[in-house]
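Residue 22 is where the sequence shown starts when you use the numbering used here, and the numbers rise one by one after that. C-beta atoms are modelled at their ideal positions from N, C-alpha and C, and glycine is treated no differently. For clarity, every value in this text was computed on a predicted model and none was experimentally measured.
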Amino acid sequence: MSKKKKVDTRLLFHAVCNLNIIQIFGRPFDDEPIFSQMLFGETCTIIEKKNKHWYKIHTSASNITGWLKANQIILINENLYEKYTADPGLTLEICHPAFTDEISKSIVMGSALPQYDGLSCSMPDNKYVYNGQATQNGSLELTCELVVKIARRYLHSPELSGGRSPFGIDAGALIQSIFRFFDILLPRFPIEQYMLGEVVDFVDSAVEGDLAFCMNDLGQISHVGMVIGEKKVLHVHGCVRIDKLDHFGFYNHDLKKYTHKLRIIKRII
Numbered sequence: 022m023s024k025k026k027k028v029d030t031r032l033l034f035h036a037v038c039n040l041n042i043i044q045i046f047g048r049p050f051d052d053e054p055i056f057s058q059m060l061f062g063e064t065c066t067i068i069e070k071k072n073k074h075w076y077k078i079h080t081s082a083s084n085i086t087g088w089l090k091a092n093q094i095i096l097i098n099e100n101l102y103e104k105y106t107a108d109p110g111l112t113l114e115i116c117h118p119a120f121t122d123e124i125s126k127s128i129v130m131g132s133a134l135p136q137y138d139g140l141s142c143s144m145p146d147n148k149y150v151y152n153g154q155a156t157q158n159g160s161l162e163l164t165c166e167l168v169v170k171i172a173r174r175y176l177h178s179p180e181l182s183g184g185r186s187p188f189g190i191d192a193g194a195l196i197q198s199i200f201r202f203f204d205i206l207l208p209r210f211p212i213e214q215y216m217l218g219e220v221v222d223f224v225d226s227a228v229e230g231d232l233a234f235c236m237n238d239l240g241q242i243s244h245v246g247m248v249i250g251e252k253k254v255l256h257v258h259g260c261v262r263i264d265k266l267d268h269f270g271f272y273n274h275d276l277k278k279y280t281h282k283l284r285i286i287k288r289i290i
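See the structure below:
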């Protein structure tokens, strides 16, 4: 029996996430805070290698640079990278299995399905069946009502700085993830998202899908939420929740106080 040809990983400069969620760090140390995450099926480009344990990468989905553990991704060549990155399906179920004959992986909402054909997706190790709800190639109609419907799926997800899933998410990732379902690629963080869109002059003029940006005590953009109805905003504070929106900011009825100070409202769609 002929031996399987060994692949020279020194020539592989791209990778795909084959686990449900992996952490991205600002620096290559275990005790670093989470900077962001990659979800199943998402791809990245390798920028730098540190010993055998860490890769500095740039992600295709969230467009950020950070460090991840080398044993949590599969290295791929440029040809596979281009195939996997081009128009993947996106999962719409909060959590649903992707499986083969031998294994099953519970993947979360917003995960990528490379080369999705409506029933299965391709990964380097196998083809995975995914029979839950998914979208592909702009199949969701871009309407304010549908954007809000997708946004509401994240309700009650716990707050997690650096998180990008229904099991832990931050304000910037929530907004980026929602719009990604409609092939609108926004930056990862509120301070970057704030640079896009058209200004809405008055709170009373805001419509569903508009973005309400808040500032800290220094006047810097520090938070974002989505307008989901008349004087209502969906955002992350402890969890993904709905609060009252007015010209002062976001009012939390549970705490009976304003938790965020409004800076500006922008219209993306």
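Per DSSP, which one or two residues make a beta bridge with residue i?
| i | result |
| --- | --- |
| I190 | E180, R185 |
| N98 | The partner list for N98 (beta bridge, DSSP) is empty, contrary to what the question assumes. |
| Q58 | Q44 |
| Y149 | C142 |
| R288 | E219 |
| V224 | V224 pairs with nothing; no bridge assigned. |
| I263 | L255 |
| G87 | I78 |
Have a look at residue i and residue j and give me their C-alpha separation to the nearest angstrom.
| i | j | result |
| --- | --- | --- |
| D191 | D138 | 31 Å |
| K315 | D122 | Within the shown structure, residues of the chain are numbered from 22 to 290, placing residue 315 beyond reach of any answer. |
| K104 | A36 | 12 Å |
| M22 | S132 | Residue placement at M22 cannot be trusted, given a pLDDT of 43 that sits under 50; what the coordinates show is reported in the next sentence. Near 38 Å, if we compare the C-alpha coordinates of S132 and M22. |
| E251 | H281 | 18 Å |
| L217 | R284 | 14 Å |
| W88 | A155 | 29 Å |
| E213 | P118 | 33 Å |
| F271 | D238 | 15 Å |
| D108 | Q157 | 7 Å |
| K148 | C165 | 35 Å |
For residue i, which of the options has the nearest alpha-carbon?
| i | options | result |
| --- | --- | --- |
| P187 | K287, E103, G259 | G259 |
| I263 | I289, F203, M236, S178 | S178 |
| Y279 | C235, V248, Q241, M247 | C235 |
| A233 | L113, K265, H74, I43 | K265 |
| M59 | A227, S198, H256 | S198 |
| R21 | F223, L167, A227 | Given a span of 22 to 290 for the chain in the structure shown, any question on residue 21 remains unanswerable. |
Return yes when the Cβ of residue j is within less than 7 Å of the Cβ of residue i, no when it is not.
| i | j | result |
| --- | --- | --- |
| D231 | V221 | yes |
| Q136 | S125 | no |
| I128 | N41 | yes |
| S57 | I43 | no |
| L176 | V261 | yes |
| E229 | V150 | no |
Just confirm the distance between the C-beta atoms of residue i and residue j, as a whole number of angstroms; I'd bet it's less than 8 Å.
| i | j | result |
| --- | --- | --- |
| A194 | R209 | 7 Å |
| P54 | S243 | 16 Å between Cβ atoms; not a contact. |
| I289 | I205 | 7 Å |
| H74 | C65 | 16 Å between Cβ atoms; not a contact. |
| L163 | L96 | Not really, about 35 Å apart at Cβ, beyond 8 Å. |
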